[in-house]
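**Q** Structure incoming, see below.
Residue numbers (the working numbering): 571 to 715.
Next comes the structure, spelled out in structure tokens:
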């Protein structure tokens with residue numbers, strides 16, 4: 571399988587999320603076992619209005635959501651050039667059944683999150699994924715999805 575970059579237009583064609591809940595800006599790598607995406611964190615994000623007005627920090631659960639959205643590109647129709655695939659037997663939507671998230675550093679406006687998701691196990695159309703988020707060389711979050 572080849573690895574290729576996926577722009578926001580194709581991301582929006584793949585995941586059901588829309589503003590303000592699209593948590594990835596670009597997928598820089600994807601194949602059947604790994605996906606890498608970026609999220610450019612700006613002060614214009616709506617969640618910074620209340621989290622927190624004088625010290626803006628990206629909410630941890632939204633970092634988890636960004637990791638989950640990245641994992642949607644493992645084995646997605648757009649990850650395998652021209653090969654059609656479904657996320658789940660009930661159509662094109664994937665369902666998250668659980669996430670264990672560990673946060674280690676705050677994410678603030680101006681940061682670029684690099685989100686990596688790796689397939690650990692697949693059983694039918696279910697997947698277990700390990701994911702992590704980095705800002706530069708620092709890991710800011712890790713998740714089991």
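We put the CB at the ideal spot given by N, CA and C, even for glycine.
Please work out which residues of its chain come closer than 8 Å, Cβ to Cβ, to residue 575, disregarding the five sequence neighbours upstream and downstream, and give them in chain order.
**A** Answer for residue 575: 596, 597, 598, 599, listed in chain order.
**Q** How should residue 693 be labelled, buried or exposed, when 16 other C-beta atoms within 10 angstroms of its C-beta is the threshold for buried?
**A** By the neighbour-count rule (16 or more Cβ atoms within 10 Å), residue 693 is not buried but exposed.
**Q** Compute the beta-carbon to beta-carbon distance between residue 699 and residue 688, rounded to the nearest angstrom, for a pair I have assumed lies under 8 Å.
**A** The Cβ separation is near 7 Å, so the contact holds.
**Q** Which value, in whole angstroms, describes the spacing of the CA atoms of residue 639 and residue 618?
**A** So the two alpha carbons sit approximately 20 Å from each other.
**Q** So, helix, strand or coil for residue 608, using DSSP?
**A** Strand at residue 608.
**Q** Under the three-state reduction of DSSP, which class applies to residue 575: helix, strand or coil?
**A** It is coil, neither helix nor strand.
**Q** Which stretch, first to last residue, makes up the beta strand (DSSP E) that contains residue 703?
**A** It spans 696-705 - the beta strand (DSSP E) in which residue 703 sits, taken as one unbroken run.
**Q** Of all the options 708, 702, 676, which has the alpha carbon lying nearest to the alpha carbon of residue 714?
**A** Nearest option by C-alpha distance: 702.
**Q** Kindly give me the distance between the Cβ atoms of residue 685 and residue 607, rounded to whole angstroms, as I take these residues to be in contact under 8 Å.
**A** Right, their Cβ atoms sit about 5 Å apart.
**Q** Just to confirm, are residue 609 and residue 631 a CB contact at a threshold of 8 Å?
**A** For residue 609 and residue 631, no; Cβs fall outside 8 Å.
**Q** Would residue 711 pass as a contact of residue 674 if the rule is Cβ separation under 8 Å?
**A** Yes.
**Q** What first and last residue would you give for the alpha helix (DSSP H) that runs through residue 636?
**A** Run containing residue 636: 630-641, per the alpha helix (DSSP H) assignment.
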